[in-house]
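Written out below as C-alpha cells is the structure these notes cover.
Residue numbers (the working numbering), protein chains in the order written: chain A, 22 to 655; chain B, 6 to 244.
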C-alpha cells in the first residue's frame with residue numbers, strides 16, 4: 022500500500038472485532054482512519070449532533086452517558102463508541118467526554134457499514150441492543166452442545182414394548198428378553214398405545230417396570246413368578262415429551278434418579294429413552310456418577326467418589342453444557358450423596374421411628390449447585406413427633422448425614438442452617454408455623470435470614486411434607502403484600518456493578534474495585550428478585566429458570582423481560598462456572614471471585630449487559646412491591 | 006526566546022511567497038509559492054497544516070542526504086491519514102550501515118528508489134497552501150533547502166510550526182535555578198517521544214518518516230488544546 026500506517030494498523034488489529042478481519046481489510050481501514058485528540062475534560066460527542074465515524078480509543082479514557090446524564094460506561098484503550106449513533110440515523114445517542122487526555126482513531130461510517138454488511142462476527146460485535154448481545158452470546162453457547170439442540174424424538178429407535186399391567190412377572194421377563202429391552206411400558210386395561218386420549222380421561226399408561234425393578238422388587242423380595250407386575254410397577258410416572266431437548270431428559274433423570282423415561286407424543290407413548298441413550302452424548306456422564314453413588318456401601322466410598330465431582334464439572338464445562346445442566350448435575354450429585362447417606366444412616370441407626378422428610382435448601386433445592394458450596398438442609402418430621410421419644414434418633418441421623426456431607430466436600434453451613442440444628446429439625450406443623458410467621462408477620466431481619474428456606478426441595482423420605490410446605494407458601498405468599506415488600510427489600514441488598522474499566526470492576530458511582538464476586542453481585546441478586554416474583558405469582562417452582570417460565574405466563578413482566586432475565590442468568594452463571602473450571606484445571610482452589618484481567622473482552626461486554634438487565638429488574642422490583650432499596654425498613 | 010523566532014514572527018510570509026513566486030526559476034517552485042500561505046492573522050483553527058518528517062543519513066545538510074519523507078495533512082480538529090504520503094528517495098551519498106538499521110530501510114530499497122527530483126512535484130503539491138509542521142525545524146527546512154540547491158540551483162523558504170520550539174517555550178524558558186543545579190535536576194526532555202508522553206499521547210516506534218510525521222501532528226493538536234485558544238493567530242506559532 023502507498024501509505025504505511027503501520028502504527029495504526031498494528032494497533033487496531035490487536036482489538037476485537039478487528040482481530041478477525043483479513044489483512045487486506047485492516048490495511049485499507051488503516052489508510053482511511055482520521056485522528057483526533059481530546060484533552061481531559063473536553064466533550065467528544067454531544068447528544069443529537071451528527072456523527073460520521075466510529076470512535077476507537079487509541080489511548081486515554083472516555084466516559085459515555087445515557088441521555089439523562091447517568092454514567093453508561095467508562096472506556097479505555099481499544100474500546101469503541103459511537104456505533105449506536107451510526108446505526109440510528111447518524112445522530113449521537115450517547116454523549117461522550119474525555120476523562121483523560123485521549124487520542125481517537127476515527128473509522129469512517131462508510132467502512133463501518135461495509136464491514137457490518139460483510140462479516141457476521143463484526144456485526145455480532147456491534148449488535149449492541151442489550152437483548153441482542155446477550156441473546157447472541159447465549160445462543161452461540163447453546164448451538165455448541167448437541168444435548169441442547171437435539172430433541173428427544175431423535176433418540177427413539179423403536180416403538181415402546183408394551184403389555185397390560187395385569188401381566189405376570191414371568192411373562193414380563195420373557196417379553197422383555199424376546200424384545201431385547203430393559204423397560205416395559207404397562208398399559209391400563211383395554212388401552213392401546215395409538216388410541217386417542219383427552220385430558221381428564223383414564224391415562225393410557227399405568228406404569229413402567231425395568232430390569233432393575235424385576236431384580237430388586239420381584240426376585241430379591243421372593244415374589245411368586247405369577248404375581249402381576251402391577252403390584253410393584255412404578256406408577257408415579259416421570260415422562261418426557263418428544264419435542265423436549267435431550268438435556269431436559271437428562272435433567273429429569275438426574276432429578277428423579279430414574280434410568281428410563283417413557284416418551285410421549287400428543288399424550289401417547291412413542292418410545293422409551295434409557296440412560297444409555299443419553300450417555301452417548303457425554304463421555305463420562307454425571308448420570309453414571311449419580312448411579313455409582315447409590316452403589317457405595319460406606320462414607321469412605323462416597324468420599325472417594327465425590328472427588329469425581331470436580332472432574333465431571335470440568336468435563337461438562339468443556340463440552341459446553343449450559344448452566345442449568347451443570348447446576349442440575351451438581352445438585353443431582355449432592356442429592357444422591359445425601360440420599361445414600363440417609364440410607365447408610367438408617368442401616369446404622371435402624372428404621373426411623375416416625376416418617377420424616379429430608380429437605381435440601383438453597384442452591385441444591387434450586388438445582389443451581391456449583392462446585393464451591395456448603396450444605397443447607399433441614400428435617401421435616403411427622404406430626405406424631407414426640408421429642409423425648411424420637412429426637413435422639415433424628416439428631417443422630419442429621420449428624421451422620423451432615424458429617425458425611427462435610428467428608429464429601431460440602432462444608433458445614435456457617436449460618437447453621439442444617440438438620441443438626443434443633444430449630445430446623447421439627448414436625449411438619451411447626452414448619453407450617455415458621456412459614457406462616459415469616460409470611461404473615463414479616464420483619465426485615467428475619468427475612469434476610471430466612472429467604473433461603475423459600476428455596477426448598479424434599480429429597481428423601483416423605484417428600485410430600487415438602488410439597489405441603491411449598492403449597493402453603495404458594496397460597497399464602499401471593500396474598501401477603503407486606504411479606505413481598507420485605508422480601509423485595511432484601512433482594513435489593515446486593516446490586517450488580519456498572520461494568521469494567523481497564524482491569525477494574527466499575528461501580529455505579531464510578532469507583533473501582535479489583536475483583537468481583539459473581540455470585541454475590543450477579544447470580545444471587547438475580548435469583549433473589551426472581552424468587553419474589555415467583556412467590557407473588559403463586560408458583561411452586563424452585564429453579565430460577567423454571568420460576569422465570571412461571572412468571573412469564575402471568576404477564577407480570579413487560580414483553581421480553583423474561584427472556585432477558587434468562588439470558589442474563591445463563592451468561593453470568595456460565596462465566597462463573599467457566600472460571601471455576603479453569604481454577605480446577607490449573608490446580609487452584611475454585612472460588613466465586615473474578616479479576617477483570619482474567620475476563621475476555623466479550624465476557625466483559627456480555628457481563629456488563631447482564632448487569633444492566635439485573636439493575637433494571639431491581640428497579641422494577643422496588644417499584645412493583647413498594648420496597649425501599651438500600652436503607653433499613655422500620 | 007531566540008531572537009530569530011521573534012524576527013520570524015514579524016515576518017510577512019504571504020508577501021514573501023508572492024515575491025518568491027515571481028523570482029523562482031524552477032516551475033515547480035513557482036507553482037508552490039503561487040499556492041500562497043495563510044497570513045499571520047489567521048486563527049490557528051482555520052489553518053490547513055501538513056506534518057512533515059525526514060529520515061536522513063546524518064545531521065549535517067551539507068554532507069548528509071534525505072532517505073525518506075513522510076507527510077500527513079491535518080488541521081486542529083482532524084488528521085487525514087488517507088491523504089498521507091511516504092517516499093523513499095535515493096541519497097546522493099552511500100547509506101551508512103548504522104543508518105540502515107536505524108531507519109529500517111534496506112540497501113535494495115534505496116537502490117530502487119527514485120531521486121528526490123522525481124518526486125519533488127508530488128511533495129510540493131502536498132505542501133502547497135499548508136503550513137508545514139515539524140519537530141525540530143533545523144532538519145526538515147535545512148535539508149529540503151540543501152537538496153533543492155543541489156538539484157535546482159535554488160533553495161526553498163517556507164514557514165514552519167516547530168513543535169519542539171513550542172515545547173521549549175515552556176520547558177526551556179528560564180535557565181535552571183541554583184536550587185535546580187544544586188539538586189542536579191535535569192531539564193525536561195523536549196524530544197518528540199518525551200514531549201508526547203506529557204500530553205498522554207501513546208508511544209509510537211520512532212524513525213519511520215510517516216509515523217514521525219503523524220506523531221508530530223498529534224503532538225501539535227495536543228499542545229494547541231492544552232496551551233492555546235483556537236483563536237490564536239498563526240504568527241504566534243510559526244517561524
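The beta carbon of each residue, even a glycine, is placed where N, CA and C say it ideally should be.
Runs of the alpha helix (DSSP H) lying entirely within the stretch 399–435 of chain A, each at least 4 residues long, are 408–428 in chain order. Nearest Cα to residue 202(A) within the set 293(A), 587(A), 254(A) and 546(A): 293(A).
Contact between residue 362(A) and residue 323(A) holds, with the beta-carbon distance rounding to 7 Å and staying under 8 Å. Here the alpha carbon of residue 207(B) sits roughly 11 Å from the alpha carbon of residue 78(A). Here the alpha carbon of residue 467(A) sits roughly 21 Å from the alpha carbon of residue 639(A). Contacts with chain B at 8 Å (Cβ-Cβ) do not include residue 67(A). Within a 10 Å sphere around the beta-carbon of residue 371(A) sit fewer than 16 other beta-carbons, which makes this residue exposed. Ranked by Cα distance from residue 393(A), the options 70(A), 38(A), 129(A) and 612(A) are led by 612(A). Residue 226(B) reaches chain A at 58, counting residues in chain order whose Cβ is nearer than 7 Å.
With a cutoff of 8 Å on beta-carbon distance, residue 77(B) and residue 56(B) are scored as near each other.
When the alpha-carbon of residue 275(A) is set against those of 259(A), 264(A), 287(A) and 123(A), the nearest one is in 259(A). Residue contact with chain B for residue 327(A): absent (no Cβ-Cβ distance below 8 Å to any residue of chain B). Under the 8 Å Cβ criterion, the stretch 559–570 of chain A does not count as touching the stretch 518–538 of chain A, having fewer than three qualifying pairs. Identification of residues in the stretch 35–55 of chain A having a C-beta nearer than 8 Å to some C-beta of chain B yields 51, 52, 53, 54 and 55, given in sequence order. The beta carbons of residue 289(A) and residue 215(A) sit about 6 Å from each other, so the pair counts as a contact at 8 Å. Note: residue 55(B) is bridge-paired with 78(B) and 137(B) in the DSSP secondary-structure output. Remark: three or more beta-carbon pairs, one from each stretch, lie closer than 8 Å, so the stretch 126–138 of chain B and the stretch 152–167 of chain B are flagged as touching. Judged by DSSP in its simplified three-state form, residue 254(A) adopts coil rather than helix or strand. Residue state for residue 218(A) is assigned as coil, using DSSP reduced to three classes. Secondary structure at residue 202(B): helix, using DSSP grouped into helix, strand and coil. Across the set 123(B), 126(B), 169(B) and 157(B), the C-alpha of 169(B) shows the shortest separation from the C-alpha of residue 145(B). Closer than 8 Å to the CB of residue 172(B) there is not a single CB belonging to chain A. Taking a Cβ-Cβ cut-off of 8 Å, residue 53(B) has no neighbours in chain A, whose nearest Cβ is about 15 Å from it.
In this structure residue 246(A) is exposed. Its beta-carbon is surrounded by fewer than 16 other beta-carbon atoms within 10 angstroms. With contacts defined as CB atoms closer than 8 Å, residue 300(A) and residue 598(A) fail to qualify as a contacting pair.
For residue 574(A), no CB of chain B lies under 8 Å from its own CB, so it is not counted at the interface with that chain. Against residue 164(B), chain A offers no close residue; the least beta-carbon distance is about 23 Å (beta-carbon pairs closer than 9 Å).
Among the CB atoms of chain A, one or more fall inside 8 Å of the CB of residue 231(B). Taking 8 Å as the CB threshold, residue 196(B) stays off the interface with chain A.
The stretch 411–423 of chain A makes no contact with the stretch 511–525 of chain A: fewer than 3 CB pairs, one atom from each, lie closer than 8 Å. Residues of chain A whose Cβ lies closer than 7 Å to the Cβ of residue 207(B) are, in chain order, 79, 80 and 124. CA-to-CA, the gap between residue 296(A) and residue 524(A) works out to about 45 Å.
Under the three-state reduction of DSSP output, residue 395(A) falls in the strand class. For residue 292(A), the enclosing beta strand (DSSP E) covers residues 289–295. Judged by beta-carbon spacing, residue 37(A) lies within the 8 Å limit of residue 622(A), meaning their Cβ atoms are closer than that value. Bounds of the alpha helix (DSSP H) holding residue 27(B) are 18–28.
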